[in-house]
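Counting along the sequence shown from 1, when you hit position 75 you're at 75 in UniProt numbering, and nothing is skipped either side. Glycine included, every Cβ here is placed at the ideal spot set by N, Cα and C. A quick write-up on the structure given underneath.
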Amino acid sequence: MIKDIDNFILLSAPSSYQFLVALFAVLAVGGAAVLLPLGIAPEEINVIAQKCNARAFAIAPDYQAAAKATKTSAKLTSGTEILPIPITLGDNGSSADIRIITENNIRFSADRPALVQFTSGTTGSPKGVVHARTFFYHQVEVYFGCPMSEINGLQPLLGPDAVYLSYRSFHWGGGIRNATAAILAGVCTEIYNHDATPGAMWTQMKAYYEECLANLPQPMLEEYLNGARGLQLAKSDSNLLTPSVKRADHLYIGEPEATRAAFDRECFYKTGDLGHFDVIVFDGRRVPIIDVEESLMALPYVMEAYVLGIPDAEVMNRTAVLLRVKEGKCLTLQALRTEMAGRLAKHKLPTLLRKLDASEGVPKTHSGKFDMRKARSVFFPQSVEGDISDLPPEVEVWKLR
């Protein structure tokens with residue numbers, strides 16, 4: 001058992017059963033898991049370890065080289081010893097046969113640190129957000145509408161065949177929150193490749209429909225179809241996102257000033273996010289990005305679509321689109337604008353086009369979100385901001401006047 005409040009243990013593994021076993025093992029001994037993405041440099045891991053005073057690193061066997069490199073880096077730069085702990089499972093996927101003695105009278109404080117997740121870095125440098133153990137209790141209440149003390153009654157409610165499909169990386173919030181809530185509620189969890197594209201997931205769901213559902217009697221089939229109908233979205237008349245959370249349950253690790261600045265006087269968390277549609281200002285007119293994205297994705301040959309604002313001194317910003325189209329499709333900016341003209345006003349039509357090759361990928365943050373800032377510099381680089389005359393030859397430019 002870890003008695004000290006300095007209880008941080010680094011954790012890095014593929015999103016898998018292996019990862020979850022390690023996470024719950026860390027929590028069981030009173031530790032706090034610092035979730036790290038795979039492929040992070042040893043020097044960066046060392047900085048994180050120093051920030052949270054971590055002394056151990058739980059890592060998947062296939063990535064032991066990274067653990068050793070981190071141990072060496074920590075020893076050389078700060079004289080710190082970081083103990084590598086391999087996450088070992090038996091041949092059949094079960095935990096290794098280790099004799100464990102439990103003490104049922106041990107209780108950990110609800111506000112004890114349990115998890116550290118890093119922000120995406122979309123709007124600034126990533127910060128390590130510390131969650132208390134209440135984080136896990138709260139997830140069950142949020143997703144299933146009942147406190148942890150009542151989760152034993154959830155299985156009859158959800159049904160014996162209930163399955164949660166986990167498709168997001170566990171090292172960031174949207175992945176681990178949902179998966180742990182389902183597991184704590186006793187729901188079978190299927191872990192899908194978190195890098196799967198929407199197309200691949202849709203293909204798998206269609207295959208399941210054709211193999212398992214399509215031949216069901218119509219009344220039974222209707223139950224499945226009705227489950228996907230009538231979904232409603234919440235409405236709000238407020239545009240500032242300030243969820244209420246307890247200050248003691250959330251903090252930025254190693255950044256006390258940033259933690260204090262993150263809460264207002266009423267203990268509402270100031271996300272810094274505004275609940276509005278992203279817009280591009282083109283020649284004094286507003287172009288909602290969502291309008292352009294929806295119009296692009298309605299085209300049958302478009303596989304992926306990203307919309308960006310590219311500075312242009314003449315009109316303030318250009319509406320640029322980054323597209324991946326079906327193999328063999330020849331597409332010009334002229335043809336694209338012609339097809340979209342029936343759906344969008346003229347000022348919303350794209351004026352810059354770059355197509356992605358089959359081998360090209362878009363930059364993403366460590367949480368898997370599209371990194372718009374990097375995409376601008378990679379696909380639409382400008383030597384002088386606002387000058388579009390030296391854009392790469394792969395970018396097709398629409399003459400405005």
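How big is the Cα-Cα spacing for residue i and residue j?
{"i": "Asn-317", "j": "Leu-352", "result": "11 Å"}
{"i": "Gly-175", "j": "Phe-370", "result": "16 Å"}
{"i": "Thr-365", "j": "Asn-105", "result": "42 Å"}
{"i": "Ala-114", "j": "Tyr-208", "result": "37 Å"}
{"i": "Leu-231", "j": "Glu-222", "result": "With a pLDDT of 48 at Leu-231, under the threshold of 50, the predicted position of this residue should be treated as unreliable, though the coordinate-derived value follows. Cα to Cα, Leu-231 sits roughly 16 Å from Glu-222."}
{"i": "Val-395", "j": "Ser-377", "result": "13 Å"}
{"i": "Pro-84", "j": "Phe-57", "result": "5 Å"}
{"i": "Pro-288", "j": "Val-281", "result": "9 Å"}
{"i": "Ala-258", "j": "Asn-46", "result": "21 Å"}
{"i": "Pro-363", "j": "Ala-375", "result": "6 Å"}
{"i": "Tyr-306", "j": "Lys-329", "result": "18 Å"}
{"i": "Arg-337", "j": "Glu-360", "result": "24 Å"}
{"i": "Glu-327", "j": "Ala-22", "result": "42 Å"}
Assuming the contact rule is C-beta atoms closer than 8 Å, residue i and residue j should be a hit. Round their C-beta distance to whole Å, please.
{"i": "Val-34", "j": "Ala-54", "result": "6 Å"}
{"i": "Leu-356", "j": "Leu-323", "result": "7 Å"}
{"i": "Leu-308", "j": "Ala-320", "result": "5 Å"}
Mapping DSSP to helix, strand and coil, what is residue i?
{"i": "Leu-231", "result": "In this prediction, Leu-231 has a pLDDT of 48, which is less than 50 and means its spatial position is unreliable; what the coordinates show is noted afterwards. Here Leu-231 sits in coil by DSSP."}
{"i": "residue 423", "result": "Given that the chain is displayed from residue 1 to residue 401, the structure contains no residue 423 and the question cannot be resolved."}
{"i": "Lys-355", "result": "strand"}
{"i": "Asp-62", "result": "helix"}
{"i": "Ile-87", "result": "coil"}
{"i": "Pro-381", "result": "coil"}
{"i": "Arg-343", "result": "coil"}
{"i": "Lys-68", "result": "helix"}
{"i": "Phe-118", "result": "strand"}
{"i": "Pro-113", "result": "strand"}
{"i": "Thr-301", "result": "Note that residue 301 corresponds to Tyr in the displayed sequence, not to Thr. Coil."}
{"i": "Pro-217", "result": "coil"}
{"i": "Phe-370", "result": "strand"}
{"i": "Pro-311", "result": "strand"}
Starting from the C-beta of residue i, find all residues in its chain whose C-beta is less than 6 Å away, skip the five residues before and the five after it, and write them out in chain order.
{"i": "Arg-373", "result": "none"}
{"i": "Arg-343", "result": "Ser-295"}
{"i": "Ala-313", "result": "Gly-386"}
{"i": "Asp-237", "result": "With a pLDDT of 48 at Asp-237, under the threshold of 50, the predicted position of this residue should be treated as unreliable, though the coordinate-derived value follows. The answer is none, since no qualifying residue turns up."}
{"i": "Leu-240", "result": "No answer about Leu-240 holds up, because its pLDDT of 48 lies below 50 and its placement is not dependable."}
Taking the continuous beta strand (DSSP E) assigned at residue i, which residues delimit it?
{"i": "Arg-177", "result": "Counting along the chain, Arg-177 falls outside any beta strand (DSSP E), though it belongs to the alpha helix (DSSP H) covering 173-184."}
{"i": "Ile-9", "result": "8-12"}
{"i": "Asn-53", "result": "Segment: none, Asn-53 is in no beta strand (DSSP E) and carries neither H nor E."}
{"i": "Phe-24", "result": "Careful: Phe-24 lies outside any beta strand (DSSP E), inside the alpha helix (DSSP H) at 17-28."}
{"i": "Leu-322", "result": "316-325"}
{"i": "Cys-330", "result": "Counting along the chain, Cys-330 falls outside any beta strand (DSSP E), and DSSP gives it neither H nor E."}
{"i": "Ala-33", "result": "32-35"}
{"i": "Cys-212", "result": "Neither: Cys-212 is in no beta strand (DSSP E) and is coded neither H nor E."}
{"i": "Thr-189", "result": "188-191"}
{"i": "Val-129", "result": "128-132"}
Taking the continuous alpha helix (DSSP H) assigned at residue i, which residues delimit it?
{"i": "Phe-282", "result": "That residue, Phe-282, is in no alpha helix (DSSP H); its beta strand (DSSP E) goes 279-282."}
{"i": "residue 404", "result": "In this structure the chain extends from 1 to 401, so residue 404 is not present and cannot be described."}
{"i": "Glu-293", "result": "289-297"}
Output needed for residue i: all residues of its chain with C-beta closer than 8 Å, excluding positions within five of it in sequence on either side, in chain order.
{"i": "Phe-108", "result": "Gly-30, Arg-133"}
{"i": "Asp-116", "result": "Here residue 116 is Val; the residue named in the question, Asp, does not match the sequence. Hits under 8 Å: Phe-8, Ala-32, Ala-33, Val-34, Leu-35, Cys-52, Gly-128, Val-129, Val-130, His-131, Ile-253."}
{"i": "Glu-190", "result": "Val-163, Tyr-164, Leu-165, Ser-166"}
{"i": "Met-201", "result": "Tyr-167, Tyr-192"}
Ordered along the chain, which non-local residues of its own chain (more than five positions away) have a Cβ less than 7 Å from that of residue i?
{"i": "Leu-225", "result": "none"}
{"i": "Phe-379", "result": "Leu-322, Arg-354"}
Using a Cβ-Cβ distance cut-off of 9 Å, determine whether residue i contacts chain D.
{"i": "Ala-341", "result": "Within the model displayed, chain D is absent; a lone protein chain is all it includes."}
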